[in-house]
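Those protein sequence lines, which keep their order, are chains A and B.
First residue of the first sequence: 15, per this note's numbering; consecutive thereafter.
First residue of the second sequence: 56, per this note's numbering; consecutive thereafter.
Encoded as structure tokens, the structure appears first; notes follow it.
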Amino acid sequence: QQQVKQSPQSLIVQKGGISIINCAYENTAFDYFPWYQQFPGKGPALLIAIRPDVSEKKEGRFTISFNKSAKQFSLHIMDSQPGDSATYFCAASKEAGSYQLTFGKGTKLSVIP
Amino acid sequence: DVKVTQSSRYLVKRTGEKVFLECVQDMDHENMFWYRQDPGLGLRLIYFSYDVKMKEKGDIPEGYSVSREKKERFSLILESASTNQTSMYLCASRGVRPHYEQYFGPGTRLTVT
Numbered sequence: 015q016q017q018v019k020q021s022p023q024s025l026i027v028q029k030g031g032i033s034i035i036n037c038a039y040e041n042t043a044f045d046y047f048p049w050y051q052q053f054p055g056k057g058p059a060l061l062i063a064i065r066p067d068v069s070e071k072k073e074g075r076f077t078i079s080f081n082k083s084a085k086q087f088s089l090h091i092m093d094s095q096p097g098d099s100a101t102y103f104c105a106a107s108k109e110a111g112s113y114q115l116t117f118g119k120g121t122k123l124s125v126i127p
Numbered sequence: 056d057v058k059v060t061q062s063s064r065y066l067v068k069r070t071g072e073k074v075f076l077e078c079v080q081d082m083d084h085e086n087m088f089w090y091r092q093d094p095g096l097g098l099r100l101i102y103f104s105y106d107v108k109m110k111e112k113g114d115i116p117e118g119y120s121v122s123r124e125k126k127e128r129f130s131l132i133l134e135s136a137s138t139n140q141t142s143m144y145l146c147a148s149r150g151v152r153p154h155y156e157q158y159f160g161p162g163t164r165l166t167v168t
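In structure tokens, the structure reads:
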């Protein structure tokens, strides 16, 4: 049973545009929601994370929006750049007593000039 | 900077061989993880370890075993490699609360022929 559903699988955005990736989760016990960025040939790296006590978190051009009632969260990349081209994974976990992150299947983002 | 290193970037093995994938982290982290990454399937947890000599099965442990004799080192073992184990293998480590970030190694691309 997939607990974190991510869409779209791939995304092509023009330079300067907004990239939006969506995730939905099922387990209401999840209380930590990170996004990871992976460049070709590299391991994933934490990009930004949110906890459900806030509805939005912004770090530079990257924003997470969180909707607890809908059990959804999304990553927005403003002013997308070719250097943002990578695969993005959303994930979720329970902070208390759990060591596991449950990952979405990933979104391959291509930002074209 | 946290560093997670994996013994090989690329590995080619024959069906039936015993395969060892090694992972070392330099941040004195308690928790270590092994994932496999396949296109369209995202990251799937194979095994994790929350302390030396302690291990827990993840979502897809069949055909794999692990060893953690020292805190900094976590090994993934394929007892008898099969072609369906051809994949990218990622190791990660994580410290204790409140830092839930998992730090990933660069990955080992294993091909079983």
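We treat Cβ as the ideally placed atom computed from N, Cα and C, and that holds for glycine.
The structure displayed is predicted, hence computed values, not measured ones.
What residues in its chain sit with their C-beta under 7 Å from that of residue i, if we drop five residues either side in the sequence?
| i | result |
| --- | --- |
| residue 72 of chain B | 136 |
| residue 60 of chain A | 48 and 50 |
| residue 39 of chain A | 17, 18, 85 and 106 |
| residue 116 of chain A | 17, 18, 105, 106 and 107 |
| residue 93 of chain B | 142 |
| residue 128 of chain A | Not covered by the structure: residue 128 of chain A. The range shown for chain A is 15 to 127. |
Sorted by chain position, which residues of the same chain lie with C-beta nearer than 6 Å to residue i's C-beta, five sequence neighbours on each side aside?
| i | result |
| --- | --- |
| residue 15 of chain A | Residue placement at residue 15 of chain A is flagged as unreliable, the pLDDT there being 49, under the threshold of 50; the coordinate-derived value follows with that caveat. Same-chain partners within the cutoff: there are none. |
| residue 70 of chain A | 79 |
| residue 126 of chain B | 107 |
| residue 73 of chain A | 62 |
| residue 96 of chain B | none |
| residue 119 of chain A | 20 |
| residue 68 of chain B | 74, 136 and 167 |
| residue 101 of chain A | 52, 120 and 122 |
| residue 64 of chain A | 47, 71, 78 and 80 |
| residue 76 of chain B | 131, 144 and 163 |
In chain B, what lies closer than 7 Å to residue i by C-beta?
| i | result |
| --- | --- |
| residue 51 of chain A | Within chain B, no residue comes near residue 51 of chain A; the closest Cβ sits about 11 Å away, beyond 7 Å. |
| residue 17 of chain A | By Cβ distance, chain B contributes nothing, its closest Cβ being about 10 Å from residue 17 of chain A, past 7 Å. |
| residue 60 of chain A | 156 |
Which residues does DSSP pair with residue i in a beta bridge?
| i | result |
| --- | --- |
| residue 149 of chain B | B/86 |
| residue 48 of chain A | A/63 |
| residue 76 of chain A | A/73 and A/91 |
| residue 128 of chain B | B/79 and B/125 |
| residue 103 of chain A | A/50 |
| residue 66 of chain B | B/165 |
| residue 81 of chain A | A/86 |
| residue 182 of chain B | Because chain B is modelled from 56 through 168, residue 182 of chain B falls outside the range shown and cannot be assessed. |
| residue 38 of chain A | A/19 and A/86 |
| residue 115 of chain A | Its beta-bridge partners do not exist; DSSP assigns none. |
| residue 122 of chain A | A/24 and A/101 |
Starting from the beta carbon of residue i, find every residue of chain A whose beta carbon is closer than 9 Å, and list them in chain order.
| i | result |
| --- | --- |
| residue 161 of chain B | 55, 56 and 57 |
| residue 145 of chain B | 57 and 58 |
Can you look up residue i in the DSSP assignment and give me helix, strand or coil?
| i | result |
| --- | --- |
| residue 73 of chain B | coil |
| residue 139 of chain B | helix |
List the residues of chain B that residue i touches, going by C-beta distances under 8 Å, in chain order.
| i | result |
| --- | --- |
| residue 118 of chain A | 97 |
Taking Cβ-Cβ distances shorter than 9 Å, what residues in chain B pair up with residue i?
| i | result |
| --- | --- |
| residue 200 of chain A | Because chain A here runs from 15 to 127, residue 200 of chain A falls outside it and cannot be looked at. |
By Cβ distance below 8 Å, which residues in the same chain neighbour residue i in space, the five residues on each side in sequence not counted?
| i | result |
| --- | --- |
| residue 29 of chain A | 94, 95, 96, 125, 126 and 127 |
| residue 138 of chain B | 70, 167 and 168 |
| residue 100 of chain B | 88, 89, 90, 113, 114 and 115 |
Write down every uninterrupted run of the alpha helix (DSSP H) in the segment 89-120 of chain B whose length is 4 residues or greater and which is fully enclosed by it, in chain order.
none
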